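Enquirer: Here it is: the structure, laid out below.
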Amino acid sequence: MGANEAADVRSGDAREAGDAVRRRIAVVAATPDGVIGSGGDLPWRLRRDLQRFKRTTMGGVLVMGRKTFDSIGRPLPGRQTVVITAQPDWSAPGVAVAPGPSEALRQADQLVAPGDSEGGPGLEDDSRRRPVFVVGGATIYQALLLECDELWLTTVHSRISGDVHLSVDRSHWRAVETVRYPASVDDQMPTEFHRLVRR
Ligand SMILES: NC(=O)c1ccc[n+]([C@@H]2O[C@H](COP(=O)([O-])OP(=O)(O)OC[C@H]3O[C@@H](n4cnc5c(N)ncnc54)[C@H](OP(=O)(O)O)[C@@H]3O)[C@@H](O)[C@H]2O)c1
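So for the sequence shown, this note's numbering puts the first residue at 265; every next one is plus one.
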């Protein structure tokens with residue numbers, strides 16, 4: 265099934281259920297060898313990539329695994345967060361908790377930004393149109409990557425080693441934008457930002 269058909273099926277299901285369906289975007293940074301994490305953290309400091317992450321995810325919903333949440337340590341401001349965990353008693357202030365990846369997407373589709381519903385008619389709909397961002401780590405990408413409409417992939421040109429890896433099958437994706445950035449005082453390594461859409 266192509267991305268458009270998948271999106272149609274999802275919106276058909278959601279229409280029957282009376283839900284809003286939001287665009288889903290996976291955001292990943294990985295080396296060509298597939299390294300995405302090391303020692304519970306990102307193995308690099310890339311200021312430009314972090315700034316783009318902040319700018320582009322603002323107002324949306326972030327879906328992440330419990331370990332990625334722990335590595336960030338708090339809900340990121342201006343965005344809503346759904347944390348996936350199998351621990352029934354796990355909680356953290358300011359985040360929604362889901363017992364699995366598909367439940368997380370269901371919850372994310374329902375979330376309305378705080379304050380929007382108080383702002384008057386129409387604003388709730390705007391809030392629900394903001395994308396859901398699937399932001400890792402590896403276990404969550406593995407479960408949800410092919411549920412996403414787009415993949416925003418930063419290739420980090422480095423041979424750095426790590427203990428968390430992700431392999432992206434590019435045959436599922438079509439590149440619509442690629443931007444190259446050299447290493448700089450802000451970025452330890454050269455990077456390429458790819459915007460990919462599901463085939
Ligand atoms: N480079 C990047 O773009 C990027 C992005 C995000 C994260 N990272 C890095 O990736 C690493 C973390 O990734 P990770 O794969 O080890 O961990 P993760 O995916 O962030 O979290 C794993 C946890 O999520 C929960 N989980 C996952 N699948 C589940 C399921 N089907 N049902 C219920 N709960 C489920 C479990 O939590 P419980 O153990 O609580 O049950 C599991 O231990 C860190 O180094 C982080 O810095 C990199």
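Cβ atoms here follow ideal geometry from the backbone N, Cα and C, with glycine treated the same way. The model shown is predicted, which means the values in this text are computed figures rather than measured ones.
So if DSSP puts G329 in a beta bridge, which residue, or which two residues, is it bridged to?
Expert: I348
Enquirer: Put T419 into one of helix, strand or coil per three-state DSSP.
Expert: strand
Enquirer: Is V292 near ligand 1, going by C-beta to nearest heavy atom under 7 Å?
Expert: yes
Enquirer: How should E414 be labelled, buried or exposed, when 16 other C-beta atoms within 10 angstroms of its C-beta is the threshold for buried?
Expert: E414 is buried by the Cβ-count criterion.
Enquirer: When we look at the beta-carbon of V322 and count the other beta-carbons within 10 Å, is it buried (16 or more) or exposed?
Expert: According to the sequence as given, residue 322 is Met; it is not Val. Under this definition M322 is an exposed residue.
Enquirer: Apply the 10 Å Cβ neighbour rule to P446 and answer buried if 16 or more other Cβ atoms are within range, or exposed otherwise.
Expert: Residue burial is scored here from C-beta neighbours: P446 has fewer than 16 other C-beta atoms within 10 angstroms and is therefore classed as exposed.
Enquirer: So is the beta-carbon of I348 under 7 Å away from any non-hydrogen atom of ligand 1?
Expert: yes
Enquirer: Excluding the 5 residues flanking G342 on each side, which residues of the same chain have their C-beta closer than 6 Å to its C-beta?
Expert: M322
Enquirer: With three or more beta-carbon pairs closer than 8 Å as the criterion, would you say the stretch 322-335 touches the stretch 437-454?
Expert: The answer is no - the stretch 437-454 does not touch the stretch 322-335, with fewer than three Cβ pairs under 8 Å.
Enquirer: Give me, in chain order, the residues of the same chain whose beta-carbon lies closer than 8 Å to that of P352; leave out the 5 immediate sequence neighbours on both sides.
Expert: P363
Enquirer: Buried or exposed for T419, please, with buried defined as at least 16 other CB atoms from any protein chain shown within 10 angstroms of its CB.
Expert: buried
Enquirer: Mind reading off the beta-carbon distance from G464 to T332? Whole number of angstroms is fine, and I expect it under 8 Å.
Expert: With the chain represented from 265 up to 463, any question about residue 464 goes unanswered, as that position is not in the structure.
Enquirer: Count the other CB atoms, across all protein chains shown, that sit within 10 Å of the CB of D305; report buried if there are 16 or more and exposed otherwise.
Expert: exposed
Enquirer: What is the rounded straight-line gap between the Cα of R338 and the Cα of T349?
Expert: 15 Å
Enquirer: If we ignore side chains and look at the alpha-carbon of each, how far apart do L410 and R393 end up?
Expert: 20 Å
Enquirer: By Cβ distance below 6 Å, which residues in the same chain neighbour E441 in space, the five residues on each side in sequence not counted?
Expert: R459
Enquirer: Applying the criterion that 16 or more other CB atoms from any shown protein chain within 10 Å of the CB defines a buried residue, is G384 buried or exposed?
Expert: Residue confidence is low: G384 scores 49 on pLDDT, short of 50, so the model does not pin down where it sits. Its coordinate-derived value is still stated next. Classification for G384: exposed.
Enquirer: Within 10 angstroms of the Cβ of V443, are there 16 or more other Cβ atoms? Answer buried if so, exposed if not.
Expert: exposed
Enquirer: How would you call R286, buried or exposed, if buried means at least 16 neighbouring beta carbons within 10 angstroms?
Expert: buried
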